[in-house]
Structures are given as structure tokens and as C-alpha cells.
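Just below is one structure, and these are the notes that go with it.
Residue numbers (this note's numbering): 1 to 262.
And the structure:
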């Protein structure tokens with residue numbers, strides 16, 4: 001189970017990295033692409049539109065073909081998208097490739113959660129997965145500004161490509177999918193899925209916590225640099241705390257759920 005948790009968390013890390021990697025150097029990207037900051041914000045929007053659209057299809061695919069297999073596919077799409085984005089600093093290219101990455105992060109994020117759960121992961125392990133996923137964005141806030149000093153505007157994509165490659169290798173050596181992973185015979189009709197009121201409560205909680213983290217993660221560095229006069233490295237480190245603390249608080253939530261389910 002331990003290797004499965006590591007492999008699942010690698011999927012979460014790679015997905016989370018792409019959430020905040022462009023926001024970490026939004027000002028520099030705006031200058032390099034010759035666009036306003038609002039346009040750089042669209043780089044994240046493009047990713048999240050396809051990420052959102054892939055949640056239900058990604059869950060179905062994970063049930064049908066196995067979460068490890070779908071996770072590897074998601075990481076491959078993330079890698080391809082970031083590799084293409086390196087070609088030239090064109091806004092249209094960035095938006096298109098970010099949309100492709102969103103398909104990959106959507107597949108990888110759902111598959112990672114399912115992979116950890118199917119391997120017998122406890123609520124704590126599920127919380128750890130969620131914490132590493134959101135913490136990946138925090139790590140990007142620290143690393144990408146430093147990488148930008150070396151590779152320029154390509155830093156978000158170079159670092160994301162490296163993280164996706166490491167995650168791919170970690171998942172390759174993780175346990176293969178078993179027949180228990182493929183539960184498509186227990187298919188739930190869409191009508192029953194959308195009629196379950198419990199999902200809407202969970203969705204509201206997720207949108208509030210995760211959504212706010214994404215907004216903060218993508219703009220906090222720019223705010224601290226341009227509004228507070230902080231160095232980009234300092235701003236990245238401070239901004240990372242908005243996401244990195246999730247590595248502690250999300251597993252803590254799982255522990256509380258396990259020991260105090262009432």
C-alpha cells in the first residue's frame with residue numbers, strides 16, 4: 001500500500017504544480033508574452049476549464065481502465081502540453097497548451113485519489129494525497145521564480161515537465177491496477193449521481209477551500225512583488241505557505257474523520 005500511496009501522491013503533486021506554476025511568475029510572463037496580467041490569468045483559466053470538464057469522464061475512465069493506467073496517461077498529456085509550450089512565447093499557444101494540460105491534470109487528479117483509495121488508503125492517506133496535491137502548487141511558488149532567473153519565461157513549463165517526468169517514473173514502479181480497481185460493472189446512472197444532495201455539499205466545500213487556494217496561489221507572488229516591493233524569491237516563499245500548509249491540515253482532517261466520525 002505504501003508504494004501505491006507514493007504513486008498516487010506523485011500524481012497529485014504533478015497536478016498541483018501546474019495549478020500555480022504560471023501564477024508564480026505572472027508579471028514576468030506578462031512582459032515576455034507582451035500581454036496584460038489579465039491575459040496571463042487566462043493561462044490558469046484555460047487549464048481549469050478542461051480540468052473541470054474531465055472530472056466525471058476521468059472518474060469513469062479510472063473505473064473502466066484502472067487509475068494507474070489513467071494516471072500515466074494524464075502525466076503524459078501534462079508532459080506533452082508543457083513541452084509544446086516551450087516552443088515560443090505566444091499567448092494563443094500558451095492558452096491552447098494549458099487547455100491540453102488541464103485534460104492531463106483532470107485525469108491525473110481523479111486517478112490519483114482513486115488509486116490511493118483502491119489500494120486501501122485510510123482517510124489519513126486520502127488527506128495526505130489532497131495535501132500533497134495542493135502543496136504541489138506551493139512548491140511551484142517557491143521553485144518557479146528561482147528557475148525563472150535561469151531559463152526565463154520557460155520556467156513554469158520546464159519545471160512542470162520535470163515534475164511530470166519524475167511522477168511518471170514513480171507511478172511506473174508502483175503496483176499495477178488489479179481487477180478490484182475496475183468497477184465499471186457497478187455503474188451509477190448520471191441521474192442518480194446528480195440527484196445525490198450529499199455531493200453538492202461536498203462540492204461547495206471543495207470549491208471554497210480549493211478554489212480560494214488557487215486564486216491566492218496564482219496572484220499572491222505578483223501582489224507581494226508589485227505591491228509590497230518584495231524580492232521574487234521572498235514573495236514565492238511567503239506565498240507558498242498559502243498552499244503548503246495543506247500538506248499538514250488535509251491529513252489532519254482525515255485523521256479527525258477517522259477518529260471522530262461523528
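For glycine and all other residues, C-beta sits at the position ideal for the given N, C-alpha and C.
Reduced DSSP category for residue 2 - H, G, I as helix; E, B as strand; rest coil
The residue given as residue 2 occupies position 2 in the chain shown. In this structure, residue 2 counts as helix in the three-state DSSP scheme.
Just to confirm my understanding: we take residue 46, look at its own chain, exclude 5 residues before and 5 after, and list those with CB closer than 7 Å. What are they?
Here the question's residue 46 lines up with position 46 in the chain shown. The answer, listed in chain order, is 95, 98, 99 and 102.
With a cut-off of 8 Å on the beta carbons, I'd call residue 156 and residue 21 a contact; round off their distance for me.
Working through the chain shown from its first residue, we reach residue 156 at position 156. Working through the chain shown from its first residue, we reach residue 21 at position 21. Their Cβ separation, rounded to whole angstroms, is 4 Å, which keeps residue 156 and residue 21 in contact under 8 Å.
Where residue 63 sits in the DSSP three-state scheme
As a working note, residue 63 is residue 63 in the chain shown. Residue 63: helix per DSSP, three-state reduction.
For residue 196, count neighbouring C-beta atoms within 10 Å of its own C-beta (all shown protein chains included) and say buried if the count is 16 or more, exposed if not.
Against the chain shown, residue 196 aligns to sequence position 196. Under this definition residue 196 is an exposed residue.
Quick check on DSSP: helix, strand or coil for residue 35?
Your numbering for residue 35 matches position 35 in the chain shown. Three-state result, residue 35: coil.
Counting pairs of Cβ atoms below 8 Å between the segment 102 to 111 and the segment 46 to 58, do you hit three or more?
yes
Using 10 angstroms around the beta-carbon of residue 198, count the other beta-carbons present and answer buried if the total reaches 16, otherwise exposed.
Here residue 198 refers to the residue found at position 198 when the chain shown is read from its first residue. Exposed.
Within a Cβ cutoff of 7 Å, which residues of the same chain sit near residue 25, ignoring the five residues on either side of it in sequence?
Reading the chain shown from its first residue, position 25 is the one you call residue 25. Correct list, in chain order: 144, 145, 148, 155 and 156.
Rounded to the nearest angstrom, what separates residue 230 and residue 142 at their Cα positions?
Here residue 230 corresponds to residue number 230 of the chain shown, with the count starting at 1. Here residue 142 corresponds to residue number 142 of the chain shown, with the count starting at 1. One C-alpha to the other measures close to 14 Å.
Span of the alpha helix (DSSP H) around residue 175
Here residue 175 refers to the residue found at position 175 of the chain shown. Neither: residue 175 is in no alpha helix (DSSP H) and is coded neither H nor E.
Can you look up residue 231 in the DSSP assignment and give me helix, strand or coil?
As a first step, residue 231 must be located in the chain shown, where it is residue number 231. DSSP places residue 231 in coil when its eight states are reduced to three.
Assign residue 114 to one of three DSSP states: helix, strand, or coil.
Against the chain shown, residue 114 aligns to sequence position 114. Residue state, collapsed to three classes: helix.
From 160, 40, 17 and 18, residue whose alpha carbon lies closest to that of residue 28:
Translated into the one-based positions of the chain shown, residue 28 becomes position 28. If we check each option's Cα against that of residue 28, 40 comes out closest.
Delimiting residues of the alpha helix (DSSP H) encompassing residue 208:
The count along the chain shown starts at 1 and reaches residue 208 at position 208. Per DSSP, residue 208 belongs to the alpha helix (DSSP H) from 197 to 222.
Cutting at 7 Å between CB atoms, please list the residues of its own chain near residue 185, excluding the five before and the five after it.
Taking the first residue of the chain shown as position 1, residue 185 is located at position 185. With a pLDDT of only 46 at residue 185, under the threshold of 50, the placement of this residue in the model should not be trusted; the figure read from the coordinates follows. Excluding residues within five positions, none has a Cβ falling inside 7 Å.
Counting only runs that start and end within the segment 63 to 92, where is the alpha helix (DSSP H) found for 4 or more residues in a row?
67 to 85
Please state whether the Cβ-Cβ distance between residue 171 and residue 77 is less than 8 Å.
As a first step, residue 171 must be located in the chain shown, where it is residue number 171. As a first step, residue 77 must be located in the chain shown, where it is residue number 77. Cβ atoms of residue 171 and residue 77: not closer than 8 Å.
Considering only C-alpha positions, which residue in the set 50, 83, 164 and 12 is nearest to residue 116?
Mapped onto the chain shown, residue 116 falls at position 116. The residue with the shortest Cα to Cα distance from residue 116 is 12.
Determine the contact status of residue 167 and residue 10, defining contact as a CB-CB distance below 8 Å.
By 1-based counting over the chain shown, the position of residue 167 is 167. By 1-based counting over the chain shown, the position of residue 10 is 10. Yes. Within cutoff.
Cutting at 8 Å between CB atoms, please list the residues of its own chain near residue 216, excluding the five before and the five after it.
The count along the chain shown starts at 1 and reaches residue 216 at position 216. Taken in chain order, the residues that qualify are 239, 242 and 243.
Is the Cβ-Cβ distance between residue 16 and residue 112 less than 8 Å?
Mapped onto the chain shown, residue 16 falls at position 16. Mapped onto the chain shown, residue 112 falls at position 112. The answer is no: Cβ separation not under 8 Å.
State the CB to CB distance for the pair residue 174 and residue 68, rounded to an integer number of angstroms; the pair is presumed to be in contact (CB under 8 Å).
By one-based count along the chain shown, residue 174 stands at place 174. By one-based count along the chain shown, residue 68 stands at place 68. Confirmed, Cβ separation roughly 6 Å.
In angstroms, rounded to a whole number, what distance separates the CA positions of residue 33 and residue 89?
As a working mapping, residue 33 is identified with position 33 in the chain shown. As a working mapping, residue 89 is identified with position 89 in the chain shown. Answer to the nearest angstrom: the Cα atoms are 5 Å apart.
So residue 163 packs on residue 14, CB below 8 Å; how close in whole Å?
For this step, residue 163 is matched to residue 163 along the chain shown. For this step, residue 14 is matched to residue 14 along the chain shown. With a Cβ gap of about 5 Å, residue 163 and residue 14 count as contacting.
Please report the Cβ distance between residue 18 and residue 237, rounded to the nearest whole angstrom; I am assuming they are in contact, meaning their Cβ atoms lie under 8 Å.
Your numbering for residue 18 matches position 18 in the chain shown. Your numbering for residue 237 matches position 237 in the chain shown. About 20 Å separates the two Cβ atoms, so there is no contact after all.
Spatial neighbours of residue 151 in its chain, beta-carbon cut-off 8 Å, leaving aside the 5 residues before and after
Locating residue 151 in the chain shown gives position 151, counting from the first residue. Here the set comprises 158.
Closest by C-alpha distance to residue 8, when choosing among 79, 130, 82 and 138
Here residue 8 refers to the residue found at position 8 of the chain shown. Looking at the Cα atoms, 130 is the closest of the given residues.
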